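Participant: Mind having a look at this structure? Questions to follow.
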Amino acid sequence: MTLKTQPHIMLLAGETSGDAHAAAVVTEIQQIQPDILFTGMGGHEMKKAGVQIFFDSALIAVMGLFEVLKHWGDIKRAMRLIKQELETSRPDLLILIDYPEFNLKMAKHAKSLGIKVLFYISPKVWASRPKRIHKIGQAIDHMAVIFKFETEIYRKANIPVTFVGNPLVDKVNTSNQVELIHQRLQQNKNGRIIGLFPGSRKSEISRLIPVMLETAALMLKQDSNLNFVIPVASNLNIEEIQHQCNAAKINVTLTQDNLYDVIHSCDAIVSCSGTVTLEIGLLNIPVCVVYKLSSLSYLIIRRIITIKQISLINIIAREPVVVELLQDAANAESISNELFKLLDDTQYRQQVFQGLQKVKNNMGPGEGSKRMAELAMSFIIKPKTSSQLESPE
């Protein structure tokens, strides 16, 4: 029997945003200690960062009750495989990135094996089911939060917590190709650019692409010079989306260029809810947020959600900064009206900019991924204490 000498960290990310956050943390950990073995569930970004991926998260990146049920076979398969990997490899640390319903089940199993569990990006206990915080505390060793107001919630529940800062503060920047990408997206040189951001989950795409294309058709009747762009996540089939655009007879540019360059090139955006709305806000682009689930999934979710706003922009600002159109309200006419208002009403546009600045101010300092890496390494290098490192001011 040989002794395990190489430190081993397993990471589980169930969605595209979590995949990117995990990859950033891995890159920072490698700067501290290059010889660590990384394995996990994730996607393209984690693989690129050097993680040995044993399950592709694209197979289970779904949202809503019925969408989960439709993919239940893949979800169960992922759970079985992860449990086997935990039992066989016994990593020194399990890092769970968001995706709470799934990841907390894996946390519980890891804890039963004596594996240390660090949860990164807290379940939104402030938005729904606040009492689950006690079960979270039983399943993990430490919570790393990215919103400062979350710290007090965990402290009150006597759960070890560190505010590491929000990784998007550093991450959201344009590249040196931004002007070139802007020129490429502005096919009609006299027209403004509208972003259609349907998300990275297949269930989101199927619900939002049709209404977004309908919105584009409606807007073109009022302004034929408009340009439309859809950023396509790396886990999606770009040809399938192109087929939908062709069927709708709408000229839309599909791109897999740097997302932040694409966002920066837009004059206004209609977007699914989620992390991307915050990325759009940090780049100071006016946005209209849309949200669509199956009717029954939505009814169930509305019963358990305790907050009025759903977009991260409005939640962090603690006030309505951007318009949210939910379910039937997310129709082509309403979206079109809001986008034209964001484009043409100077006073309203300025009001949105002021709100987005408030969001930036509330996000805290940068280096969130670096602080998260330091926190993770404190579990590898020395025994865990109740306070692993100082939180940023």
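Residue numbering for the sequence shown follows the working numbering, starting at 1 and increasing by one per position.
From the three backbone atoms N, C-alpha and C, an ideal C-beta is built for every residue, glycine too.
Predicted model only: the values in this text are computed from it and were never measured.
Could you tell me which whole alpha helix (DSSP H) segments of length 4 or greater appear in the region 6-41?
Facilitator: Within the region 6-41, the complete alpha helix (DSSP H) runs of at least 4 residues are 16-32.
Participant: Below 8 Å, can you find three or more Cβ-Cβ pairs linking the region 137-156 to the region 227-235?
Facilitator: No: fewer than three Cβ pairs fall under 8 Å.
Participant: Can you confirm whether the region 276-289 touches the region 299-308 when touching is taken to mean that 3 or more C-beta pairs between the two stretches lie within less than 8 Å?
Facilitator: Counting Cβ pairs under 8 Å, fewer than three are found: no touch.
Participant: Count the other CB atoms, across all protein chains shown, that sit within 10 Å of the CB of Gln347; report buried if there are 16 or more and exposed otherwise.
Facilitator: Classification of Gln347: exposed, given that the 10 Å Cβ count is below 16.
Participant: According to DSSP, what are the bridge partners of Asp56?
Facilitator: Partner(s): Gly42.
Participant: Let me know the secondary structure DSSP gives Glu319 once reduced to three states.
Facilitator: Coil.
Participant: Check the C-beta distance from Val62 over to Ser206 and give it rounded, since I have them as a contact under 8 Å.
Facilitator: 11 Å between Cβ atoms; not a contact.
Participant: Cα-Cα, which of Asp56, Ile209, Ile95, Glu240 is closest to Val145?
Facilitator: Of Asp56, Ile209, Ile95, Glu240, the residue nearest in Cα terms is Ile95.
Participant: Does the distance from the CB of Gly14 to the CB of Phe119 come in under 8 Å?
Facilitator: Going by C-beta atoms, Gly14 is not nearer than 8 Å to Phe119.
Participant: Extract the residue ranges of the beta strand (DSSP E) inside the region 253-339, only unbroken runs of 3 or more that lie entirely within it.
Facilitator: 253-255, 268-272, 287-291, 324-326, all fully within the region 253-339.
Participant: Given a cut-off of 8 Å on the beta-carbon distance, is the pair Thr255 and Ser17 in contact?
Facilitator: Cβ atoms of Thr255 and Ser17: not closer than 8 Å.
Participant: For Pro167, count the other beta carbons within 10 Å of its own beta carbon; 16 or more makes it buried, fewer makes it exposed. Which is it?
Facilitator: Pro167 is buried by the Cβ-count criterion.
Participant: Quick check on DSSP: helix, strand or coil for Val172?
Facilitator: Val172: coil per DSSP, three-state reduction.
Participant: Could you check what DSSP says for Ala78 in three-state terms: helix, strand or coil?
Facilitator: Note: Ala78 maps to helix in three-state DSSP.
Participant: According to DSSP, simplified to helix, strand and coil, what is Gln177?
Facilitator: DSSP places Gln177 in coil when its eight states are reduced to three.
Participant: Helix, strand or coil, according to DSSP, for Thr2 in the structure here?
Facilitator: Annotation note: pLDDT 45 at Thr2 (below 50); position unreliable, coordinate value reported separately. Residue state, collapsed to three classes: coil.
Participant: Determine the DSSP secondary structure at His142, reduced to helix, strand or coil.
Facilitator: His142: strand per DSSP, three-state reduction.
Participant: Quick check on the DSSP output: the beta strand (DSSP E) that includes Asn227 runs from which residue to which?
Facilitator: Counting along the chain, the beta strand (DSSP E) containing Asn227 begins and ends at 227-231.
Participant: If you compare alpha carbons, which of Leu81, Val25, Met363, Ala248 is closest to Ile316?
Facilitator: Answer by Cα proximity: Met363.
Participant: What does a CB cutoff of less than 7 Å around Ser387 pick up in its chain, not counting 5 residues either side in sequence?
Facilitator: Unreliable placement is indicated for Ser387, whose pLDDT of 49 sits below 50; the coordinate value is still reported in the next sentence. Here the set comprises nothing.
Participant: If you reduce the DSSP assignment to three classes, tell me which class Lys116 lands in.
Facilitator: The answer is strand: DSSP assigns Lys116 an E or B state.
Participant: Determine the extent of the alpha helix (DSSP H) in which Leu208 is found, giving its start and end residues.
Facilitator: Element bounds for Leu208: 202-222.
Participant: Hey, is the region 23-31 in contact with the region 282-294, meaning 3+ C-beta pairs nearer than 8 Å?
Facilitator: No, the region 23-31 does not touch the region 282-294.
Participant: Please report the straight-line C-alpha distance between Ser224 and Pro365, rounded to a whole angstrom.
Facilitator: So the two alpha carbons sit approximately 42 Å from each other.
Participant: Give me whichever residues DSSP pairs with Val352 in a beta bridge.
Facilitator: In DSSP, Val352 forms no bridge with anything.
Participant: With a 10 Å radius around its C-beta and 16 neighbouring C-beta atoms as the bar for buried, classify Gly73 as buried or exposed.
Facilitator: Its Cβ having fewer than 16 others within 10 Å, Gly73 is exposed.
Participant: Using beta-carbon positions only, say whether Arg192 and Leu343 come within less than 8 Å of one another.
Facilitator: Yes, the Cβ-Cβ distance between Arg192 and Leu343 is below 8 Å.
Participant: Which residues share a DSSP beta bridge with His161?
Facilitator: Reading off the sequence shown, one finds Val at residue 161, where the question assumed His. DSSP, once it has assigned bridges, lists Met143 as partnering Val161.
Participant: If we ignore side chains and look at the alpha-carbon of each, how far apart do Ser265 and Cys245 end up?
Facilitator: Roughly 21 Å between the two C-alpha positions.
Participant: Under the three-state reduction of DSSP, which class applies to Leu375: helix, strand or coil?
Facilitator: Residue state, collapsed to three classes: helix.
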